[in-house]
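> Take this structure first; my questions come after.
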Amino acid sequence: MLKIENLSATVGEGEAAKTIINGLSLSVPAGEVHAIMGPNGAGKSTLSYVLTGREGYEVTGGSATLDGQDILALDPEDRASAGLFLSFQYPIEIPGVPVMTFVRTAMNSQRKARGEPEISAPDYLKKSRDVARLLNLDADMLKRPVNVGFSGGEKKRLEIYQMMMLEPRFMVLDETDSGLDIDALRTVAEGVNALRAPERGMLVITHYQRLLDYIKPDKVHVLAKGRIIKTGGPELALRLEKEGYDGVLAEAV
Amino acid sequence: MSAALKDMIRNPTVAELELVARYAALKADPRRERLFEAFALTGLPHRRNEEWRWSDFKAAVGALDASATPPADDPLASEGVATLKFTPQGYVAPAFLPPGLRLLPKDEVQAMGGAEDAPLGALAAALSGAKNAPATLMAEVTGETPVRLHMVFSGPGAINAARIMFLVRPGAELQVSESHLGGAAFSAALVECTLQPDARLSRVVYQRGGKGEAQAITALIHQEAGAETKQTVLAFGARVARIETRLVHQETGSHATLNAAYLAGDGYHVDFTSHVRHGARACVTRQVTKGAVVNGGRGVFQGKFHVPRNAGQQTDASMQHNALLLEEGAEVFAKPELEILADDVQCAHGNTSGQLDAAQLFYLRQRGIPLVQARALLTEAFIAQALEEAGIHEEALRAQASAWLAI
Ligand SMILES: Nc1ncnc2c1ncn2[C@@H]1O[C@H](COP(=O)(O)OP(=O)(O)O)[C@@H](O)[C@H]1O
Ligand SMILES: [Mg+2]
Numbered sequence: 001m002l003k004i005e006n007l008s009a010t011v012g013e014g015e016a017a018k019t020i021i022n023g024l025s026l027s028v029p030a031g032e033v034h035a036i037m038g039p040n041g042a043g044k045s046t047l048s049y050v051l052t053g054r055e056g057y058e059v060t061g062g063s064a065t066l067d068g069q070d071i072l073a074l075d076p077e078d079r080a081s082a083g084l085f086l087s088f089q090y091p092i093e094i095p096g097v098p099v100m101t102f103v104r105t106a107m108n109s110q111r112k113a114r115g116e117p118e119i120s121a122p123d124y125l126k127k128s129r130d131v132a133r134l135l136n137l138d139a140d141m142l143k144r145p146v147n148v149g150f151s152g153g154e155k156k157r158l159e160i161y162q163m164m165m166l167e168p169r170f171m172v173l174d175e176t177d178s179g180l181d182i183d184a185l186r187t188v189a190e191g192v193n194a195l196r197a198p199e200r201g202m203l204v205i206t207h208y209q210r211l212l213d214y215i216k217p218d219k220v221h222v223l224a225k226g227r228i229i230k231t232g233g234p235e236l237a238l239r240l241e242k243e244g245y246d247g248v249l250a251e252a253v
Numbered sequence: 254m255s256a257a258l259k260d261m262i263r264n265p266t267v268a269e270l271e272l273v274a275r276y277a278a279l280k281a282d283p284r285r286e287r288l289f290e291a292f293a294l295t296g297l298p299h300r301r302n303e304e305w306r307w308s309d310f311k312a313a314v315g316a317l318d319a320s321a322t323p324p325a326d327d328p329l330a331s332e333g334v335a336t337l338k339f340t341p342q343g344y345v346a347p348a349f350l351p352p353g354l355r356l357l358p359k360d361e362v363q364a365m366g367g368a369e370d371a372p373l374g375a376l377a378a379a380l381s382g383a384k385n386a387p388a389t390l391m392a393e394v395t396g397e398t399p400v401r402l403h404m405v406f407s408g409p410g411a412i413n414a415a416r417i418m419f420l421v422r423p424g425a426e427l428q429v430s431e432s433h434l435g436g437a438a439f440s441a442a443l444v445e446c447t448l449q450p451d452a453r454l455s456r457v458v459y460q461r462g463g464k465g466e467a468q469a470i471t472a473l474i475h476q477e478a479g480a481e482t483k484q485t486v487l488a489f490g491a492r493v494a495r496i497e498t499r500l501v502h503q504e505t506g507s508h509a510t511l512n513a514a515y516l517a518g519d520g521y522h523v524d525f526t527s528h529v530r531h532g533a534r535a536c537v538t539r540q541v542t543k544g545a546v547v548n549g550g551r552g553v554f555q556g557k558f559h560v561p562r563n564a565g566q567q568t569d570a571s572m573q574h575n576a577l578l579l580e581e582g583a584e585v586f587a588k589p590e591l592e593i594l595a596d597d598v599q600c601a602h603g604n605t606s607g608q609l610d611a612a613q614l615f616y617l618r619q620r621g622i623p624l625v626q627a628r629a630l631l632t633e634a635f636i637a638q639a640l641e642e643a644g645i646h647e648e649a650l651r652a653q654a655s656a657w658l659a660i
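Just so you know, the sequences run in chain order A and B. Taking the numbering used here, the leading residue of the first sequence gets 1, the next gets one more, and so forth. Taking the numbering used here, the leading residue of the second sequence gets 254, the next gets one more, and so forth.
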């Protein structure tokens with residue numbers, strides 16, 4: 001489903017451009033959940049921005065395709081309409097735009113791009129209520145401006161709310177666990193697991209093994225210095241938790 | 254035309270000569286003469302006049318032929334609200350007047366305080382009273398229930414000069430909405446309002462002129478003890494448009510909220526100028542101006558608070574102007590000025606101009622919102638705060654802003 005081959009990318013402009021992703025290859029088949037773990041500064045968030053097309057991140061080599069479609073050639077909004085979703089490590093505040101307006105606009109934009117009819121107001125409200133209930137989100141929160149004045153945990157839950165509303169085909173979750181207490185973690189994981197499906201794929205970026213107790217990955221990749229240096233099953237995450245990254249990093253050299 | 258009249262303005266332009274001729278054709282009146290002289294001191298204001306350096310009417314107003322563009326649509330009009338129309342031919346009073354409102358057409362010109370400080374206001378007053386129109390339209394507001402009035406200023410014609418003076422009696426409330434829709438090559442409107450103790454004014458102004466038109470909207474507001482004004486303006490500009498508010502806190506405990514938003518497209522110029530004098534103790538002013546400008550558009554903000562040494566103690570005033578330059582080539586000029594001579598005051602001001610936040614734009618686009626729509630959504634949110642106090646008109650103003658942004 002998602003296929004990344006020998007991807008290289010720089011961050012920054014002109015002279016200051018730094019290569020952060022350096023020959024990265026990775027493949028997530030439909031129906032699978034893969035985890036990416038790695039030390040701070042390894043390039044995990046950079047990978048998520050390169051995939052979603054953030055400005056300032058330039059691809060210098062390699063390819064990334066979603067079901068065979070070259071996503072790197074698309075504008076960010078077209079990647080989103082193609083079904084790519086990023087749960088941000090640091091969700092952005094949008095003063096003056098209520099969550100409701102934001103998500104409905106996003107949903108209808110995607111539908112329009114795909115040639116589908118808009119969602120009706122009652123259908124939207126019903127869906128929103130169901131999702132909010134599952135995630136333990138206060139209805140009042142959805143009337144407030146996006147992320148403004150939200151706690152760290154609320155922001156992460158709102159990311160998952162958006163994901164469940166938009167029902168993307170491929171999800172990248174960047175450190176969704178950071179800032180969550182154990183109850184919130186469980187709630188969020190429940191939401192994520194609800195989206196697991198044979199036609200969907202997921203890339204879960206995390207620093208800690210903890211999240212993977214709740215979202216069971218099919219594979220675990222270790223990202224360091226801009227490439228995948230090791231791939232294994234869920235037991236690899238446990239080993240990293242116990243031994244830290246140093247051992248695995250040393251092995252890979 | 255006598256030599257004396259011709260010499261009133263130095264090196265007059267074609268348009269200025271026409272203005273002199275119009276003045277000369279009106280009924281002679283010493284007050285009218287004083288007002289026209291106040292205008293003639295500057296003539297059509299231009300960039301060498303300090304207060305007008307970014308809004309050059311002399312250059313913008315060519316020959317005063319009828320405008321080529323029809324007036325804009327009126328988003329504030331509503332059934333059942335008395336509507337007063339000002340056209341180049343005079344004024345049309347509403348068929349019925351709300352209780353508490355009395356219109357008093359005056360054939361004599363009324364004096365205008367500070368005419369020299371507002372040359373285009375003085376011009377509007379000097380030229381009002383053409384043909385069947387009164388020289389000055391006065392309106393008295395009384396009673397316990399708020400009085401609602403809608404005023405429309407629109408062409409077609411060459412010059413639309415209008416003047417109305419409101420007197421709001423103690424404790425009474427006026428809710429006035431104004432649509433300045435253009436259609437005349439040059440329009441100059443003067444709205445004056447005296448708020449007697451504990452009187453209230455809510456004023457909502459919608460301005461939208463043509464690309465070849467010049468518009469000057471001048472408001473003079475006088476507040477007595479405990480009076481309150483809430484003003485919201487949404488302006489799209491014209492070839493040159495100036496929206497000027499001069500407000501005096503005359504007695505203690507008076508309160509003013511002056512909000513404005515401008516959206517300047519290619520070839521449009523919007524100028525917000527305000528002057529607030531804290532002439533009495535413990536008066537409050539809250540001012541928020543938000544603007545967004547595209548390539549070829551121009552926004553001007555000149556805000557001044559004047560707080561005299563003794564009279565202005567315990568002033569509480571804040572001024573904020575934030576502009577978005579939506580494209581390269583957009584221009585915004587801002588001059589916030591706090592002239593504070595009293596020592597026991599709270600005065601704050603903020604002034605920014607910049608671009609839309611790249612991180613916010615990316616966030617919206619990552620959710621599938623196309624760039625153009627993402628920009629519009631963020632810009633609308635940006636100016637929304639300035640429209641928040643427009644009450645029943647907030648929605649109509651937001652709809653206009655949002656339609657403009659959607660293009
Ligand atoms: N905008 C940027 N400009 C310059 N360097 C950046 C920028 N963003 C990230 N980096 C650098 O790229 C490296 C990888 O960062 P990131 O992808 O955020 O790491 P991770 O998410 O794995 O902790 C770090 O060394 C970081 O300093
Ligand atoms: Mg990161």
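For glycine and all other residues, C-beta sits at the position ideal for the given N, C-alpha and C.
Could you please go through the chain and list the residues whose beta-carbon is closer than 5 Å to any non-hydrogen atom of ligand 1?
The filter returns Val-11/A, Gly-12/A, Ile-20/A, Asn-40/A, Gly-41/A, Ala-42/A, Gly-43/A, Lys-44/A, Ser-45/A, Thr-46/A, in chain order.
> Name the residues in the segment 618 to 629 of chain B whose C-beta lies less than 9 Å from a C-beta of chain A; which are they?
Listed in sequence order: Arg-618, Gln-619, Arg-620, Gly-621, Ile-622, Pro-623, Leu-624, Gln-626, Ala-627.
> Using only the heavy atoms of ligand 2, determine whether one of them is closer than 7 Å to the beta carbon of Glu-175/A.
Taking the first sequence and counting its residues from 1, one reaches residue 175/A at position 175. Yes, the beta carbon of Glu-175/A sits closer than 7 Å to at least one heavy atom of ligand 2.
> For ligand 2, any of its heavy atoms closer than 7 Å to the Cβ of Pro-555/B?
For this step, residue 555/B is matched to residue 302 along the second sequence. Per the sequence shown, the amino acid found at residue 555/B is Gln instead of Pro. No, Cβ of Gln-555/B sits at least 7 Å from all heavy atoms of ligand 2.
> With 16 other CB atoms within 10 Å as the buried threshold, where does Arg-186/A fall?
Along the first sequence, one-based indexing puts residue 186/A at 186. Flag for Arg-186/A reads exposed.
> In the structure shown, what three-state DSSP assignment does Val-131/A receive?
As a working mapping, residue 131/A is identified with position 131 in the first sequence. Helix at Val-131/A.
> Using a Cβ-Cβ distance cut-off of 8 Å, determine whether Tyr-521/B contacts chain A.
As a position in the second sequence, residue 521/B is number 268, starting the count at 1. False, the Cβ-Cβ gap to chain A never drops below 8 Å.
> Below 7 Å, is the gap between the Cβ of Gln-69/A and the nearest heavy atom of ligand 2?
Position 69 of the first sequence, counted from the start, is the residue given in the question as residue 69/A. Answer for Gln-69/A: no, Cβ out of range of ligand 2.
> Gly-201/A and Glu-32/A: beta carbons closer than 8 Å?
If you number the first sequence from 1, residue 201/A lands on position 201. If you number the first sequence from 1, residue 32/A lands on position 32. In this structure, Glu-32/A lies closer than 8 Å to Gly-201/A by Cβ.
> Across which residues does DSSP place Asn-604/B in a beta bridge pair?
On the second sequence, residue 604/B is found 351 positions in, with the first residue counted as 1. Answer is His-574/B.
> At 4 residues or longer, what runs of the alpha helix (DSSP H) sit wholly inside the segment 122 to 203 of chain A?
For the segment 122 to 203 of chain A, whole alpha helix (DSSP H) runs of length 4 or above, ordered along the chain, are 152 to 166, 182 to 194.
> Could you tell me the alpha carbon to alpha carbon distance between Gly-68/A and Val-493/B, rounded to whole angstroms?
Within the first sequence, the letter at position 68 stands for residue 68/A. Within the second sequence, the letter at position 240 stands for residue 493/B. If I take the Cα positions, the gap works out to 54 Å.
> List, in chain order, every chain A residue whose beta-carbon is nearer than 7 Å to that of Gln-613/B.
If you number the second sequence from 1, residue 613/B lands on position 360. Residues of chain A passing the Cβ test: Ile-92, Ile-94.
> Please confirm if the segment 509 to 518 of chain B is in contact with the segment 400 to 409 of chain B, defined as three or more CB-CB distances below 8 Å between the two stretches.
No: fewer than three Cβ pairs fall under 8 Å.
> Are the segment 416 to 424 of chain B and the segment 444 to 454 of chain B touching by the rule of at least three beta carbon pairs closer than 8 Å?
Contact between the segment 416 to 424 of chain B and the segment 444 to 454 of chain B is present, because at least three Cβ pairs lie under 8 Å.
> At what residues does the alpha helix (DSSP H) containing Lys-311/B begin and finish?
Taking the second sequence and counting its residues from 1, the one referred to as residue 311/B is at position 58. From DSSP, the alpha helix (DSSP H) with Lys-311/B extends over 310 to 313.
> Can you have a look at Gly-56/A and say buried or exposed, based on whether 16 or more other CB atoms are within 10 angstroms of its CB?
In the first sequence, the residue the question calls residue 56/A occupies position 56. Gly-56/A should be labelled exposed.
> Buried or exposed: Val-325/B, going by 16 or more other Cβ atoms within 10 Å of its Cβ?
Translated into the one-based positions of the second sequence, residue 325/B becomes position 72. For the sequence presented, residue 325/B should be read as Ala rather than Val. Per the 10 Å Cβ criterion, buried.
> With H, G and I counted as helix, E and B as strand and the rest as coil, what does DSSP make of His-299/B?
Within the second sequence, numbered from 1, the residue matching residue 299/B stands at position 46. In this structure, His-299/B counts as coil in the three-state DSSP scheme.
> Rounded to whole angstroms, what's the CA-CA distance from Gly-153/A to Ser-178/A? Just pull it up for me.
Counting from 1 along the first sequence, the entry for residue 153/A is found at position 153. Counting from 1 along the first sequence, the entry for residue 178/A is found at position 178. Approximately 8 Å between the Cα atoms of the pair.
> Using C-beta distances below 8 Å, list every residue in its chain close to Tyr-124/A, excluding the 5 sequence neighbours before and after it, in chain order.
Numbered from 1 along the first sequence, position 124 holds the residue referred to as residue 124/A. Same-chain partners within the cutoff: Arg-104, Met-107.
> Hey, is Gln-89/A close to ligand 2, as in C-beta under 7 Å from one of its heavy atoms?
Sequence index remark: in the first sequence, residue 89/A carries index 89 (1-based). Yes, ligand 2 has a heavy atom inside 7 Å of this Cβ.
> Taking the beta strand (DSSP E) that Val-530/B falls in, what are its first and last residues?
In the second sequence, residue 530/B corresponds to position 277, counting from 1. First, the residue type needs correcting, since residue 530/B is Arg and not Val in the sequence shown. Start and end: 522 to 531.
> Give a yes or no on whether the minimum CB-CB distance between Ala-634/B and chain A is below 8 Å.
Position 381 of the second sequence, counting from 1, holds the residue named residue 634/B. Closer than 8 Å: yes.
> Would you decide whether Asn-575/B is buried or exposed? Buried here means 16 or more other CB atoms lie within 10 Å of its CB.
The count along the second sequence starts at 1 and reaches residue 575/B at position 322. When all chains shown are included, Asn-575/B counts as buried.
> For the alpha helix (DSSP H) that Ala-649/B lies in, which residues bound it at each end?
Against the second sequence, residue 649/B aligns to sequence position 396. Here the alpha helix (DSSP H) through Ala-649/B covers 647 to 659.
> Can you confirm whether Val-97/A, when its beta carbon is compared against all beta carbons of chain B, has any partner nearer than 8 Å?
Within the first sequence, the letter at position 97 stands for residue 97/A. Interface residue, yes.
> Please specify which runs of the beta strand (DSSP E), each continuous and at least 3 residues long, are wholly inside the segment 452 to 498 of chain B, giving them in chain order.
With a minimum length of 3 residues, the continuous beta strand (DSSP E) runs that stay inside the segment 452 to 498 of chain B are 453 to 460, 467 to 476, 481 to 488.
> In the DSSP assignment, what residue or residues form a beta bridge with Thr-538/B?
Start at 1 with the first residue of the second sequence, and residue 538/B comes out as number 285. Answer is Ala-509/B, Ala-570/B, bridged to Thr-538/B.
> Are Val-553/B and Val-529/B closer than 8 Å when you measure CB to CB?
Here residue 553/B is taken as the residue at index 300 of the second sequence, counted from 1. Here residue 529/B is taken as the residue at index 276 of the second sequence, counted from 1. No.
> Compare the beta carbon distance of Gly-149/A and Ala-637/B with 8 Å and say whether it is the shorter of the two.
The sequence position of residue 149/A within the first sequence is 149, counting from 1. The sequence position of residue 637/B within the second sequence is 384, counting from 1. No. Outside cutoff.
> Return the residue from the list Ser-432/B, Arg-499/B, Arg-539/B that minimises the CA-CA distance to Glu-641/B.
To locate residue 641/B, count along the second sequence from 1; it is residue 388. For the residues Ser-432/B, Arg-499/B, Arg-539/B, the minimum Cα distance to Glu-641/B belongs to Arg-539/B.
> Tyr-515/B CB to nearest chain A CB: under 8 Å?
Translated into positions along the second sequence, residue 515/B becomes position 262. No, Tyr-515/B does not count as interfacial toward chain A.
> Can you confirm whether the segment 129 to 140 of chain A touches the segment 180 to 194 of chain A when touching is taken to mean that 3 or more C-beta pairs between the two stretches lie within less than 8 Å?
Yes, the segment 180 to 194 of chain A is in contact with the segment 129 to 140 of chain A.
> Closest by CA to Asn-193/A, which one among Ile-182/A, Ala-17/A, Leu-211/A?
On the first sequence, position 193 is the one that residue 193/A refers to. Closest by alpha carbon: Leu-211/A.
> What are the uninterrupted segments assigned as beta strand (DSSP E) that are 3 or more residues long and contained completely in the segment 301 to 372 of chain B, given in chain order?
If we require 3 residues or more, the beta strand (DSSP E) runs fully inside the segment 301 to 372 of chain B come out as 336 to 340, 343 to 345, 354 to 359.
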